[in-house]
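All remarks here apply to the structure that follows.
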């Protein structure tokens with residue numbers, strides 16, 4: 000018999016559960032606290048009503064319960080936290096909730112903590128009951144109650160009965176666009192001045208940020224002095240001041256460059272763009288800026304975090320989701336639950352950032368990623384001023400704030416994109432993101448990788464089909480995609496001249512892959528698929544899965560015939576290798592191209608030109624309308640300008656790149672001539688949500704041989720100064736070749752492409768690595784999964800948790816996790832894993848940082864930029880030497896850019912990766928940690944990747960365990976000047 004619904008229960012009448020893969024903790028309704036095995040826990044849960052817990056999906060996985068066998072619905076404290084403390088990030092664990100609520104959690108977490116957490120949140124709600132916020136919460140409780148929210152009854156007792164908000168829409172409380180503040184236009188900001196920042200002033204600003212009683216660390220103050228060179232006046236157009244500053248871990252480089260950057264912005268009334276590699280690191284920098292601007296209002300005025308539009312809540316998409324849910328009657332009520340909680344968050348959010356902002360990263364796991372991706376503008380269909388929510392739009396708010404801000408925190412990909420578009424901007428057409436004159440590239444060692452991605456061209460089935468969907472909209476599918484005609488239909492009446500080119504575009508777009516294109520690709524006869532899942536990201540619009548339509552009648556689709564020709568060539572030449580993720584993928588050189596590929600490419604190039612020409616004409620006629628109609632109202636003018644930009648960015652430039660690539664295919668590269676680009680064919684498995692239409696994608700890829708060439712060419716014209724900084728700009732060989740290491744760094748970072756030679760600076764880490772760290776190469780662990788799992792388990796047990804395991808292959812990570820998670824969790828060391836747990840990387844790191852005895856398994860993303868100070872990270876274990884992936888792109892760069900020493904080229908990349916991983920280990924002066932390499936074949940020449948003085952020991956696993964146990968048991972006294 001099904002347990003009674005929570006709507007008739009109190010969470011205090013339900014059992015409380017802390018689920019683990021080993022022993023779970025269960026508090027029965029009569030107050031008995033039990034430690035149970037997974038099987039015993041499942042049996043007990045079958046006897047009780049739905050439990051009180053934290054993070055229901057994780058509990059299911061820990062107990063090996065499927066969603067169909069779960070006790071549903073449950074009382075998830077994360078739901079209540081979203082309602083009570085919106086726009087507050089928190090690790091989704093009982094300990095994390097306790098810390099976020101200002102409670103001191105016990106050392107050992109058991110189920111009796113959960114009722115305490117529940118009562119603490121209900122107390123907060125009771126305190127809001129008589130406030131204006133309490134009235135808003137009661138209004139929001141109405142749709143939540145209709146949606147069957149488990150917490151409705153208890154929350155109603157705390158804040159009062161739910162009531163409808165007004166007399167309009169039945170879910171009026173969710174319609175936040177009626178209540179959000181509106182942005183207002185401001186006068187354009189004048190061009191910034193060119194006054195330099197003195198070294199003395201930068202040091203004083205740093206002292207002010209740190210506080211009167213803080214001791215300024217010499218390395219940090221020196222870094223601030225060096226950084227001022229990036230803010231000197233430019234002497235020659237196209238010749239910015241370039242500073243390469245390598246700052247060892249613990250130097251405090253973030254505040255070191257914030258000091259001169261903020262001073263320059265204030266003195267010159269201009270913006271400095273601070274760029275980093277990931278969204279998570281953007282938020283870390285924003286948190287550091289609170290040291291400079293502790294007042295929230297001042298921080299909001301002075302600092303803006305910028306990302307692509309697809310990261311933000313789109314109010315029009317949210318309205319579509321809401322209308323769809325309410326139009327379905329009782330069947331759509333369940334969809335109101337995530338929308339109501341999303342509305343609660345949006346009203347409290349700083350900037351509406353769904354992906355890596357102040358919306359907890361576990362939201363999508365609890366309520367389905369479809370809601371988040373459906374609510375973001377991931378299809379690129381913004382209609383700008385034609386949108387009824389234009390003046391409350393989060394993106395438009397951010398754009399306008401960025402125009403007036405002192406510091407804009409962006410990411411490398413966005414910065415490169417904006418610089419490229421600014422260089423191509425047409426005179427008279429203002430761009431929403433004019434290029435700044437001063438840049439700081441934090442995590443500068445990733446600039447080549449970001450440039451490689453930003454300036455690559457890909458003509459694949461997915462890319463081309465996505466463009467078709469953007470132009471034509473939904474074609475017999477469940478997609479909410481709005482095509483170009485729908486986005487321009489009201490303008491056609493006002494501007495008749497655009498009607499003909501618009502319909503020519505729509506007709507020519509049918510040359511792109513039609514819905515169901517992948518199912519019509521001939522699957523490889525020797526297809527080799529491993530694993531049962533896929534870790535490709537969720538697609539831009541998971542509701543936009545094309546139906547399996549029969550192939551269109553009439554002439555063959557030129558895109559699809561070209562894709563089939565590529566597929567045929569690849570299958571004939573593939574080497575059956577797998578990529579590092581462990582999933583089937585293959586690639587081959589484009590040249591020499593098969594005759595069929597060459598012929599099909601020529602046909603497709605003609606079809607794409609027929610698509611490009613009317614798009615260019617459409618853009619020109621829209622421009623002409625702006626020029627010919629001086630009386631045009633500002634919103635319409637802004638909308639047309641935005642449409643022109645979007646048309647160029649999403650369609651014209653993309654098609655032009657494809658045509659150039661197809662034209663180049665007709666001329667094979669000349670022998671003995673160093674190419675500008677590397678062209679190759681690649682196939683990859685489709686994401687799970689696309690798999691219904693076929694099993695793989697195929698595409699033609701073009702990468703710059705040296706991606707820093709386009710990076711330098713786009714950035715050097717607008718930039719007057721730029722600082723590239725990282726703890727690992729150079730490869731340290733340990734042989735005293737300082738000039739050679741700097742020269743290699745300048746080549747890799749693209750500094751040699753700038754007219755003015757860069758200023759170099761190196762500031763050593765203040766940490767005593769010889770005293771605080773030790774490194775081991777284990778000599779008796781084979782590459783077999785059983786041997787690896789035994790080693791990881793033994794090492795993690797010896798460290799007592801606080802361990803980060805790094806892998807070069809997802810499949811091996813999963814296999815090891817499967818073998819070690821239960822025995823370690825039984826001992827109180829929970830194991831979390833990227834590509835296993837559904838949480839995003841930032842949430843996994845938050846959990847790892849909060850649960851100080853936990854272990855985390857990950858791949859490349861966990862190797863760079865993870866900041867976990869203190870006891871939470873005391874061991875880093877590498878499964879295998881992180882050699883570069885031996886693909887075609889690496890082969891060509893190794894061959895043509897290694898200056899005749901391809902082995903040194905591989906070693907340099909590998910040492911840099913090892914240095915980055917080692918840098919995760921010591922984050923403050925009192926830390927102590929060990930680095931373990933399980934690959935006995937790692938050559939000694941790579942050991943120079945570790946800081947000077949690190950004791951590297953080659954020994955058996957048993958010997959290493961004893962040594963590590965003794966080393967970690969010795970306390971480390973903080974240094975006299977602790978960098979923490």
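Numbering (my numbering), first residue to last: 0 to 979.
Glycine included, C-beta positions come from ideal geometry on N, C-alpha and C.
For clarity, every value in this text was computed on a predicted model and none was experimentally measured.
So is residue i buried or exposed if we call it buried at 16+ other beta carbons inside 10 Å?
{"i": "residue 156", "result": "exposed"}
{"i": "residue 672", "result": "exposed"}
{"i": "residue 754", "result": "exposed"}
{"i": "residue 546", "result": "Residue confidence for residue 546 is low, a pLDDT of 33 falling below 50, so the modelled location carries little weight; the figure read from the coordinates is stated next. Under this definition residue 546 is an exposed residue."}
{"i": "residue 15", "result": "buried"}
{"i": "residue 217", "result": "exposed"}
{"i": "residue 564", "result": "buried"}
{"i": "residue 840", "result": "buried"}
{"i": "residue 145", "result": "buried"}
{"i": "residue 211", "result": "exposed"}
{"i": "residue 1030", "result": "The chain is shown only over 0 to 979; residue 1030 falls outside these bounds and no answer can be derived."}
{"i": "residue 855", "result": "buried"}
{"i": "residue 811", "result": "buried"}
{"i": "residue 252", "result": "buried"}
{"i": "residue 556", "result": "buried"}
{"i": "residue 301", "result": "buried"}
Write down the C-beta distance between residue i and residue j rounded to the nearest angstrom, noting that I regard them as a contact closer than 8 Å.
{"i": "residue 149", "j": "residue 73", "result": "7 Å"}
{"i": "residue 986", "j": "residue 246", "result": "No answer is possible for residue 986: it lies beyond the span of the chain, which begins at 0 and ends at 979."}
{"i": "residue 108", "j": "residue 459", "result": "With 8 Å as the limit, residue 108 and residue 459 do not qualify as a contact, their Cβ atoms being about 47 Å apart."}
{"i": "residue 196", "j": "residue 227", "result": "5 Å"}
{"i": "residue 831", "j": "residue 846", "result": "6 Å"}
{"i": "residue 450", "j": "residue 706", "result": "4 Å"}
{"i": "residue 408", "j": "residue 721", "result": "So it is not a contact: roughly 15 Å between Cβ atoms."}
Expressed to the nearest angstrom, what Euclidean distance is found between the alpha-carbon atoms of residue i and residue j?
{"i": "residue 208", "j": "residue 311", "result": "31 Å"}
{"i": "residue 612", "j": "residue 642", "result": "17 Å"}
{"i": "residue 821", "j": "residue 105", "result": "22 Å"}
{"i": "residue 320", "j": "residue 326", "result": "10 Å"}
{"i": "residue 495", "j": "residue 637", "result": "19 Å"}
{"i": "residue 220", "j": "residue 114", "result": "49 Å"}
{"i": "residue 133", "j": "residue 355", "result": "28 Å"}
{"i": "residue 12", "j": "residue 585", "result": "56 Å"}
{"i": "residue 126", "j": "residue 83", "result": "11 Å"}
{"i": "residue 661", "j": "residue 912", "result": "36 Å"}
{"i": "residue 743", "j": "residue 890", "result": "18 Å"}
{"i": "residue 602", "j": "residue 663", "result": "14 Å"}
{"i": "residue 802", "j": "residue 169", "result": "50 Å"}
{"i": "residue 681", "j": "residue 330", "result": "43 Å"}
{"i": "residue 194", "j": "residue 420", "result": "27 Å"}
{"i": "residue 151", "j": "residue 123", "result": "16 Å"}
{"i": "residue 718", "j": "residue 668", "result": "34 Å"}
{"i": "residue 387", "j": "residue 653", "result": "29 Å"}
{"i": "residue 639", "j": "residue 626", "result": "11 Å"}
{"i": "residue 928", "j": "residue 257", "result": "30 Å"}
{"i": "residue 784", "j": "residue 804", "result": "14 Å"}
{"i": "residue 23", "j": "residue 40", "result": "7 Å"}
{"i": "residue 915", "j": "residue 879", "result": "15 Å"}
Give me whichever residues DSSP pairs with residue i in a beta bridge.
{"i": "residue 777", "result": "954"}
{"i": "residue 272", "result": "407, 438"}
{"i": "residue 697", "result": "682"}
{"i": "residue 311", "result": "352"}
{"i": "residue 287", "result": "In the DSSP output, where bridge partners are listed per residue, residue 287 has none listed."}
{"i": "residue 724", "result": "244"}
{"i": "residue 395", "result": "Looking at the DSSP assignment, residue 395 forms no beta bridge with any residue, so it has no partner."}
{"i": "residue 588", "result": "679"}
{"i": "residue 176", "result": "Per DSSP, none; premise fails for residue 176."}
{"i": "residue 875", "result": "803, 930"}
- Mind pulling the alpha helix (DSSP H) runs of 4 or more residues that sit fully within the stretch 831-867? 840-849, 859-862
- Message: Restricting to runs no shorter than 4 residues, where is the alpha helix (DSSP H) found entirely within the stretch 113-153?
- Response: 131-145
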